[in-house]
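Undergrad:
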Ligand SMILES: [Zn+2]
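Residue numbers (our numbering): 58 to 107.
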C-alpha cells in the first residue's frame, strides 16, 4: 500500500483488512489516516484466502 513497504495484513473481511491496514500505516509509517488513493490500493491488493 506504501512504496517499498513489504507489510501485509491478513483478515477475514475487507473491513478488517482496512482496519489492519490503517493500524499498520499509523504504526509503521506515521500515517494518521488513509487517503482515498491508499484505500483503493488496499482494496485492489486484497486476495481472498478461502
Ligand atoms: Zn507498511
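From the three backbone atoms N, C-alpha and C, an ideal C-beta is built for every residue, glycine too. If you're wondering where the values come from, they're calculated on a predicted model, not measured in any experiment.
Is residue 78 buried or exposed, if buried means 16 or more other CB atoms sit within 10 Å of its CB?
TA: Buried is the call here.
Undergrad: Take the Cβ of residue 82 as the centre, count every other Cβ of all protein chains shown within 10 Å, and call the residue buried at 16 or more, exposed below.
TA: Residue 82 is buried by the Cβ-count criterion.
Undergrad: If you follow the alpha helix (DSSP H) that residue 102 is in, where does it begin and where does it stop?
TA: Residue 102 -> alpha helix (DSSP H) spans 93-102.
Undergrad: Is it buried or exposed for residue 104, if we count other Cβ within 10 angstroms and need 16 for buried?
TA: Flag for residue 104 reads exposed.
Undergrad: I'd like to know whether the C-beta of residue 67 is nearer than 8 angstroms to at least one C-beta of chain B.
TA: Going by chain labels, chain B is absent from the structure shown, which holds only one protein chain.
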